[in-house]
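Asker: The structure that follows is given in the form of structure tokens.
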Amino acid sequence: DAGVIQSPRHEVTEMGQEVTLRCKPISGHDYLFWYRQTMMRGLELLIYFNNNVPIDDSGMPEDRFSAKMPNASFSTLKIQPSEPRDSAVYFCASSLAQSVSTDTQYFGPGTRLTVL
Amino acid sequence: AQKVTQAQTEISVVEKEDVTLDCVYETRDTTYYLFWYKQPPSGELVFLIRRNSFDEQNEISGRYSWNFQKSTSSFNFTITASQVVDSAVYFCALSEADSGGSNYKLTFGKGTLLTVNP
Chain A
655 DAGVIQSPRH EVTEMGQEVT LRCKPISGHD YLFWYRQTMM RGLELLIYFN NNVPIDDSGM
715 PEDRFSAKMP NASFSTLKIQ PSEPRDSAVY FCASSLAQSV STDTQYFGPG TRLTVL
Chain B
14 AQKVTQAQTE ISVVEKEDVT LDCVYETRDT TYYLFWYKQP PSGELVFLIR RNSFDEQNEI
74 SGRYSWNFQK STSSFNFTIT ASQVVDSAVY FCALSEADSG GSNYKLTFGK GTLLTVNP
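Chains as they are written, first to last, in this note's numbering: chain A, 655 to 770; chain B, 14 to 131.
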């Protein structure tokens, strides 16, 4: 079985440009998560979805960030306009809903974003 | 508020030594979950273990073992007879219940960089 798939793996862009990161969760997983990893702040949860519906977006840093999940097999995280401080590794993760509480989150390989 | 503390920023050992990575957490939830993930130099995050708050039994998986103690709010990870391939950043994480009562919101510690030298 394929794991979580993210694209692109690396992205270099200039300040002010729009950036779109993509994620395909593990087939059958009900939950999808977007995280950001930086040296200063570590791993932070940005937003997560259950059955394509955003549940908690309190970690989204500001209005320049938006995330969508149009179907069960695809999600995007968009930054518009991008700024140098957005440079980070962005991870997508997915998990299978359980009848009780939680299940393990499996992570994709990450997208390393550099904004010049 | 919820917090995960990994006090050891970096640890360096020689191959075959045993090493323990510490994790201390704070939560007001009565039901919670603890995790360890490994991030090797290649950058991906690899799941190692999940433990719920009602199960304090220690777990052993090969050279890996975990010691969960609710009384001290700790979930420590020991690698026995370390190997060079164990070199990675190790993250401890704690789940938090959302408004619906599901524990899907993970809070990660800052990580411990383990270097195993030959």
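Cβ atoms here follow ideal geometry from the backbone N, Cα and C, with glycine treated the same way. In this text the structure is predicted, and so the values were computed from the model without any measurement.
By Cβ distance below 8 Å, which residues in the same chain neighbour R119 of chain B in space, the five residues on each side in sequence not counted?
Answerer: For this step, residue 119 of chain B is matched to residue 106 along the second sequence. One detail in the question is off: residue 119 of chain B reads as Leu in this sequence, not Arg. Once the five neighbours on either side are set aside, the close Cβ partners of L119 of chain B are F48, A106, L107, S108, E109.
Asker: For a quick check, are the C-beta atoms of A751 of chain A and D710 of chain A less than 8 Å apart?
Answerer: One-based indexing of the first sequence puts residue 751 of chain A at position 97. One-based indexing of the first sequence puts residue 710 of chain A at position 56. It is not a contact, given that the beta carbons lie outside the stated cut-off.
Asker: For D31 of chain B, I'd like the list of residues in its chain whose CB is within less than 8 Å of its CB, leaving aside the five on either flank, ordered along the chain.
Answerer: One-based indexing of the second sequence puts residue 31 of chain B at position 18. Answer for D31 of chain B: T91, I92, T93, A94, S95, listed in chain order.
Asker: Across the region 660-677 of chain A and the region 723-734 of chain A, are there enough close Cβ pairs to call them in contact, namely three or more that are closer than 8 Å?
Answerer: yes
Asker: Which term fits V666 of chain A, buried or exposed, when burial requires 16 or more other beta carbons within 10 angstroms of its beta carbon?
Answerer: Counted from its first residue, the first sequence places residue 666 of chain A at position 12. Classification for V666 of chain A: exposed.
Asker: Could you give the residue range of the beta strand (DSSP E) that holds R64 of chain B?
Answerer: Position 51 of the second sequence holds residue 64 of chain B. Counting along the chain, the beta strand (DSSP E) containing R64 of chain B begins and ends at 59-65.
Asker: Label T33 of chain B either buried or exposed according to how many other C-beta atoms from any shown protein chain fall within 10 Å of its C-beta, with 16 as the threshold for buried.
Answerer: Numbered from 1 along the second sequence, position 20 holds the residue referred to as residue 33 of chain B. Exposed is the call here.
Asker: Against Y760 of chain A, what residues of chain B qualify as contacts under a CB-to-CB distance less than 7 Å, listed in chain order?
Answerer: Locating residue 760 of chain A in the first sequence gives position 106, counting from the first residue. Correct list: F60.
Asker: With 7 Å as the C-beta to C-beta threshold (strictly closer), list the residues of the region 31-43 of chain B near chain A in chain order.
Answerer: When CB distances to chain A are screened at a threshold of 7 Å, not a single residue of the region 31-43 of chain B falls below it.
Asker: Return the first residue and the last residue of the beta strand (DSSP E) that I24 of chain B is part of.
Answerer: Here residue 24 of chain B is taken as the residue at index 11 of the second sequence, counted from 1. I24 of chain B -> beta strand (DSSP E) spans 23-27.
Asker: With D710 of chain A as the anchor, note down where its beta strand (DSSP E) starts and where it stops.
Answerer: Taking the first sequence and counting its residues from 1, the one referred to as residue 710 of chain A is at position 56. Segment 707-710, the beta strand (DSSP E) holding D710 of chain A.
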